[in-house]
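*Asks:*
4 protein chains.
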Amino acid sequence: MFNSFGHLFRLSSFGESHGTAIGGVIDGVPAGILIDEEFIQHELDRRKPGQSKLTTARKEEDRVQLLSGIFEGCSTGCPIGFIILNANHHSADYSNIKDAFRPSHADFTYTQKYGARDYRGGGRSSARETIARCVAGAIAKLALREIGVTITAYTSQVGNLKLQGSYRDYNLAVAETNPVRCPDSMLAEEMAQLITEVKGKGDTIGGRVTCVITGCPIGLGEPVFGKLHAALAEAMLSINAAKGFEYGDICDHLDQRGSQMNDSFYSSAPGTSGIRTRTNHSGGIQGGISNGEDIYFTTTFKPVATVLMEQSTVDLNGEEITLCAKGRHDPCVLPRAVPIVEAMAAMTILDFWLIRNGQQLKK
Amino acid sequence: MFNSFGHLFRLSSFGESHGTAIGGVIDGVPAGILIDEEFIQHELDRRKPGQSKLTTARKEEDRVQLLSGIFEGCSTGCPIGFIILNANHHSADYSNIKDAFRPSHADFTYTQKYGARDYRGGGRSSARETIARCVAGAIAKLALREIGVTITAYTSQVGNLKLQGSYRDYNLAVAETNPVRCPDSMLAEEMAQLITEVKGKGDTIGGRVTCVITGCPIGLGEPVFGKLHAALAEAMLSINAAKGFEYGDICDHLDQRGSQMNDSFYSSAPGTSGIRTRTNHSGGIQGGISNGEDIYFTTTFKPVATVLMEQSTVDLNGEEITLCAKGRHDPCVLPRAVPIVEAMAAMTILDFWLIRNGQQLKK
Amino acid sequence: MFNSFGHLFRLSSFGESHGTAIGGVIDGVPAGILIDEEFIQHELDRRKPGQSKLTTARKEEDRVQLLSGIFEGCSTGCPIGFIILNANHHSADYSNIKDAFRPSHADFTYTQKYGARDYRGGGRSSARETIARCVAGAIAKLALREIGVTITAYTSQVGNLKLQGSYRDYNLAVAETNPVRCPDSMLAEEMAQLITEVKGKGDTIGGRVTCVITGCPIGLGEPVFGKLHAALAEAMLSINAAKGFEYGDICDHLDQRGSQMNDSFYSSAPGTSGIRTRTNHSGGIQGGISNGEDIYFTTTFKPVATVLMEQSTVDLNGEEITLCAKGRHDPCVLPRAVPIVEAMAAMTILDFWLIRNGQQLKK
Amino acid sequence: MFNSFGHLFRLSSFGESHGTAIGGVIDGVPAGILIDEEFIQHELDRRKPGQSKLTTARKEEDRVQLLSGIFEGCSTGCPIGFIILNANHHSADYSNIKDAFRPSHADFTYTQKYGARDYRGGGRSSARETIARCVAGAIAKLALREIGVTITAYTSQVGNLKLQGSYRDYNLAVAETNPVRCPDSMLAEEMAQLITEVKGKGDTIGGRVTCVITGCPIGLGEPVFGKLHAALAEAMLSINAAKGFEYGDICDHLDQRGSQMNDSFYSSAPGTSGIRTRTNHSGGIQGGISNGEDIYFTTTFKPVATVLMEQSTVDLNGEEITLCAKGRHDPCVLPRAVPIVEAMAAMTILDFWLIRNGQQLKK
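Here's what the structure looks like:
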């Protein structure tokens, strides 16, 4: 039940870091969507390690194989199964953690919950699991493209370096032109230096990713327990290392009053179809339902738990030991988290679109 | 589907602000729990308006009637149905909003989604809906009490006034002794003054509520898409006016490095059952699964949208109008949000306990 | 979780035979449906006891109170909560079964599962629970009426007395004109005599109810695990005393070959919109999906377990005892099962319609 | 959503007859189960075509590859992904059906629902989809074995040839020694002759499969909408060609009265743990909950729709055509349906065991 995400559009995923493959089943894909495999691979490539000096040096090819649900280039309405073979195993790198509970990893809780764990590379708790999300997210994006919805995420903070102002102040396409994925090239350079410095010390650093959804039709999201922002929060906090979520810009302005944060309506055109809000502090969602304005939200990620420094911990028997991670690890999860945030957002929006509109994208 | 919350422990709720009643069905209550009706009413009373000058002056009695699922004072394992009659209607207060889209309310999105709306007091989007949550949360608390779990929330920020330090620095029981529900009496006094000042201007103010869960057994929560903190985030963001969620304390310390934020394990006693973490930046959840430490998280609430000031907006036809709210409204949602946060947390924890341990609380 | 039925259109119900009330929450009602309360009460009245000499002599008024989700006479899209107060308690009638496990009742399994049970009138396992289904089914019928779907059930067998031929051979409206609810008046008379005879001996008798759905659009139902007939089977077997389900007429013709049971397609009009099947052995569903022909299926009900005769059984301690039921009971569940079968069918069809078409009945 | 089966133990499957692979994700497998791959392959082999002259002559190797969720030979509690490559494609065999709606197949409904279909070998509606069920069912059986539950199905009727008496009158192990899978060797021979005769005419024949579950603990199944038999009915009717379901033996004895069909309780040993029923007409489930007696039920299957004879139908444009199937097809689905019935039953029972007892099989 809990390796599935979504209601009508649903990903069920499987796979461990060092098992045979990562994969999944994508259910609820509307029929007749052109399945652009290059685009899907492109989305996977945005996530893969080894893209720059800021990410881990591990080389993982991560070629997706789509196994079903596609006929003559289009989705058939039947589930799309897929796998990505795991290729680049360095099991030897992990022998030292076999009996150790790494600080702030899932080793301890998995062992307590399941009685044992696949200790190779974090097993199921590894961020390799997010590969499956990127595949499903890419397919969701292909569907959303047909109804005019775009989803764009970017790095908005690394450590103390915070992008100033609003997403509206930047050309978000710039984000993909630098390894940090920040739409401000100058700040991106500073962020890169900070990450490099932290990496040099064997340490890690956290930050924030902001995501903007444009073109979302009015009326997605359900009152009370299916609020669109609550679904987005659940989606974002299912990503490894995520610690916080906020939407709109009110959390950053708690010093402001209601009168300052309310979004007044006005008519941009005659009739009811032109009703807009002058400001968008709400973040495109009111009463849990999309209002037609841009949806935007921010997810906070902690520093990666794996530091290349000696740490004190205990082993399986509770004996105190000293542990020092080896191998190639991300000093900062942010740049690679960007496509994962987009993927989860795309799945969420498409899911609620289907709940609202039924299973035929084109009627 | 979306007026239900939870998997095995599930509240399905109904009711509008000015309808006949608020109520619901609580499914999955383990059999044999002593149903302490006074406690349930007490939890409802903590939420009700008119408790102090800081909350709305509306008087709502909100007496719960439990209609099923209880026999000889104990839960039977069958669903508990309940209603709370709506008594104190001032429909006249709302006639001026019948045709208006109030800024940052759900009027516009409900009308767009459903074609019409119950405009009396916000209808289903009214915070009166949270009464049902308090009833279900109280019953969840009664069950959790039997397995040693406690849940305590408090106001940790109002506007710019922020409680310093950690929840461990305070006697949380103090929170219930002042109308703001802040465990620092002095700060509570400042907060109360600020709220009073804002109220005097017809304006509103937001802030944050922090919640601490103690005694949660190790192993609750599911990897990948059922992470315990993701479920808590979804729960909290389903509350009216909630805009953000974070757990642990890492979001407040983005300037820190991984080596500073990791929680080292140590043995508090011989054997594996004594394994603890020296710090708890993680907030009691690692890899999505409870690790036996205190769980704590913070929810951010926006200023209430209803301000007693003139605001520009449009009516149902898109015509620009000026609107001024009347009636009695909360200048700050925080004090009354505290029991709602606790209720949602209690439901979430019990739900995951049942998934983990099955439907018999006592075996 | 298990006191809820349906996905997007969902009833969550509560209530025991001798508790305060039966009730529920109906979620997913499309907005803008005219809620005809007289029709809802009429459907309840079709189910109520005491309608004729063939049913129990208990008088239960069963007035439904709709508590939410309706504004100015129409559904708002918000959940409809409702209760039916339990009025006619004869608790004394049940004192003799307090410590006994009645044969083929749920007394034993409930006690084993929950540790105790509400022994008054069967508690939650009482057929009074089906009142809630009739309310939700009536509302589903009101919605289906707007899209041209009709649902009609009738008694097709009592004991060995079996209606011959197909539903197409009868005027189904006749069923509501006799107390057995059989569309063949002559057979209905025979059935009534048989039930009366069985009742005279304190015994009970089973039979079958057939249901016909007309006007169901093509394309409802999902391949593999959401087949429309599988959903109908689950729905029917959730009704008290139901033991079997079959759809189409192939189960009755196992002596026939594939070549005889296949339904050939033909064109009733030019183009693809006129494609029909010449026969309808399939029962209107092929590959789990409605094909536009009439859907029909039959549910088998056992004889009511409560017989007014001495039976050997054991008590709570496993001691052998002799038990003789008292009070007023149905000798045959069939006539009153008819509206319940219709209600469950209506909920199922509307649910799958919403999955297919989204939440707006009228666009 | 609808390519998934189960709540806590859940199969999500994918794959078409002539796609690259069939596969799925099995979620909720309790940790620590010894995963006996030979047994899983054995279960698949029981289902595969070409086992005898009574089934299709197609040779399909159907080797399962388990891709995750297993470490050092045991389940880890993480999802088990798997694929079975499709090897034996005879696409040419299907070119004649590309534009035709085969009678009583899913061609028409799929095309209407999805706008197009994968016409090769039935695509997703092919019975090859059931391979995934056999894999998940085999894993469920491995788990159930550890708690003493056994599941055995057999052919109980072919055409008019019906096994007399009860399952208790036969050595069910005999079923696996003949190609029909009937526990009466003599009747099996007659059934085989009948199937051979039907096959010789290019025709097909239906029948019934009965399934017996022993060792099921008391208390599985949920009142009202989660009745164990309703879940079994849904499971069975999700199998291709299934048309009916019944449990216990009351449907076959509608001529009997309640007093004859009731199951009296008695004490087989002192105390409450020895309470049993003298007869078991109920089929091991009372009030929707298992009572500790054997659970048994029967599923009716129609004759396979593919007959090697000329049939009249229409093409995609509604033009009338004559169609004659080619290739190798099953004249009778029964023998190969037996392991699929067992698989679906195993998944259902384990799912409800987990709901009842939590996710740890061994504590």
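Residue numbers (the working numbering), protein chains in the order written: chain C, 517 to 879; chain Z, 517 to 879; chain E, 517 to 879; chain V, 517 to 879.
For every residue, glycine included, the Cβ atom is placed at its ideal position computed from N, Cα and C.
What is the C-beta distance between residue 541 (chain Z) and residue 597 (chain Z), in whole angstroms, given that I count them as a contact (C-beta under 8 Å)?
*Replies:* 5 Å
*Asks:* Can you confirm whether the stretch 627-639 of chain E touches the stretch 803-814 of chain E when touching is taken to mean that 3 or more C-beta pairs between the two stretches lie within less than 8 Å?
*Replies:* no
*Asks:* Contact criterion: CB-CB distance below 7 Å. Does residue 873 (chain V) meet it with respect to chain Z?
*Replies:* When Cβ-Cβ separations below 7 Å define contact, residue 873 (chain V) makes contact with chain Z.
*Asks:* Under 7 Å, do residue 756 (chain V) and residue 643 (chain V) count as touching if we go by C-beta distance?
*Replies:* yes
*Asks:* Select from V:840, V:856, V:853 the residue whose C-alpha is nearest the C-alpha of residue 619 (chain V).
*Replies:* Comparing Cα positions, the closest option is V:840.
*Asks:* Shorter than 7 Å from the beta carbon of residue 650 (chain E) to some beta carbon of chain Z?
*Replies:* no
*Asks:* So, using beta-carbon positions, are residue 851 (chain C) and residue 697 (chain C) closer together than 7 Å?
*Replies:* With contacts defined as CB atoms closer than 7 Å, residue 851 (chain C) and residue 697 (chain C) qualify as a contacting pair.
*Asks:* Cα separation between residue 657 (chain V) and residue 552 (chain V)?
*Replies:* Spanning the two alpha carbons is a distance of roughly 11 Å.
*Asks:* Identify every residue that forms a DSSP beta bridge with residue 930 (chain E).
*Replies:* It is not possible to answer for residue 930 (chain E), since the shown part of chain E is limited to 517 through 879.
*Asks:* Going along chain E, which residues have a C-beta under 9 Å from residue 594 (chain C)?
*Replies:* 739, 740
*Asks:* Quick check on DSSP: helix, strand or coil for residue 788 (chain E)?
*Replies:* helix
*Asks:* Does the stretch 657-667 of chain V come close enough to the stretch 550-567 of chain V to have 3 or more Cβ pairs within less than 8 Å?
*Replies:* Yes, the stretch 657-667 of chain V touches the stretch 550-567 of chain V.
*Asks:* Identify each residue in the stretch 532-543 of chain Z for which the Cβ-Cβ distance to at least one residue of chain E is less than 9 Å, and report them in chain order.
*Replies:* 532, 535, 536, 537, 538, 539, 540, 541, 542, 543
*Asks:* Taking its Cβ as the centre, do 16 or more other Cβ atoms sit within 10 Å of residue 708 (chain C), making it buried, or is it exposed?
*Replies:* buried
*Asks:* Could you tell me whether the Cβ of residue 720 (chain V) comes closer than 7 Å to any Cβ of chain E?
*Replies:* yes
*Asks:* So, is the C-beta of residue 517 (chain Z) closer than 7 Å to a C-beta in chain E?
*Replies:* yes
*Asks:* How about residue 814 (chain C) and residue 731 (chain C): do their beta carbons lie closer than 7 Å?
*Replies:* no
*Asks:* Is it right to say residue 550 (chain C) is buried, meaning 16 or more other beta carbons lie within 10 angstroms of its own, or is it exposed?
*Replies:* exposed
*Asks:* Give the list of continuous beta strand (DSSP E) stretches no shorter than 3 residues that lie fully inside the stretch 759-832 of chain V.
*Replies:* 781-783, 791-793, 811-817, 826-830
*Asks:* Contact criterion: CB-CB distance below 7 Å. Does residue 795 (chain E) meet it with respect to chain V?
*Replies:* no
*Asks:* How many angstroms separate the CA atom of residue 817 (chain C) from the CA atom of residue 767 (chain Z)?
*Replies:* Each residue's alpha carbon lies about 8 Å from the other.
*Asks:* For residue 562 (chain V), count neighbouring Cβ atoms within 10 angstroms of its own Cβ and tell me buried if that reaches 16, exposed if not.
*Replies:* buried
*Asks:* Taking residue 719 (chain V) and residue 794 (chain E) to be in contact with their CB atoms under 8 Å, please state how far apart those CB atoms are, rounded to whole angstroms.
*Replies:* Wrong, their Cβ atoms sit about 19 Å apart, outside the cutoff.
*Asks:* Would residue 500 (chain E) and residue 870 (chain E) be called neighbours here (beta carbons separated by less than 7 Å)?
*Replies:* With chain E covering 517 to 879 only, the question about residue 500 (chain E) has no answer from this structure.
*Asks:* Hey, could you find the ends of the beta strand (DSSP E) residue 486 (chain Z) is sitting in?
*Replies:* This structure leaves residue 486 (chain Z) out entirely; chain Z is present only between 517 and 879.
*Asks:* Using the three-state DSSP reduction, which class does residue 526 (chain E) fall into: helix, strand or coil?
*Replies:* Looking at residue 526 (chain E) - three-state DSSP - the assignment turns out to be strand.
*Asks:* For residue 742 (chain V), which of helix, strand or coil comes out of DSSP?
*Replies:* strand
*Asks:* If the cut is a Cβ gap below 7 Å, which residues of chain E does residue 528 (chain Z) touch?
*Replies:* Within 7 Å Cβ-Cβ: 520, 528, 541, 543.
*Asks:* List the residues of chain Z that residue 640 (chain C) touches, going by C-beta distances under 8 Å, in chain order.
*Replies:* 739, 740
*Asks:* Check each candidate in E:521, E:790, E:517 and name the one with the smallest Cα separation from residue 653 (chain E).
*Replies:* E:521
*Asks:* Using a beta-carbon distance below 7 Å, is residue 728 (chain V) in contact with chain E?
*Replies:* So, not an interface residue.
*Asks:* How do the stretch 735-748 of chain V and the stretch 583-591 of chain E stand: do at least 3 beta-carbon pairs fall below 8 Å, yes or no?
*Replies:* no
*Asks:* Taking the beta carbon of residue 537 (chain V) as the centre, do at least 16 other beta carbons fall within 10 Å, making it buried, or is it exposed?
*Replies:* Buried is the call here.
*Asks:* State the CB to CB distance for the pair residue 545 (chain C) and residue 593 (chain C), rounded to an integer number of angstroms; the pair is presumed to be in contact (CB under 8 Å).
*Replies:* Yes, residue 545 (chain C) and residue 593 (chain C) are in contact; Cβ-Cβ is about 7 Å, under 8 Å.
*Asks:* Less than 6 Å between C-beta atoms, sequence neighbours within five positions excluded: which residues of the same chain meet that for residue 826 (chain V)?
*Replies:* 838, 840
*Asks:* Give me the Cα-Cα distance between residue 663 (chain C) and residue 854 (chain V), rounded to the nearest whole angstrom.
*Replies:* Approximately 46 Å between the Cα atoms of the pair.
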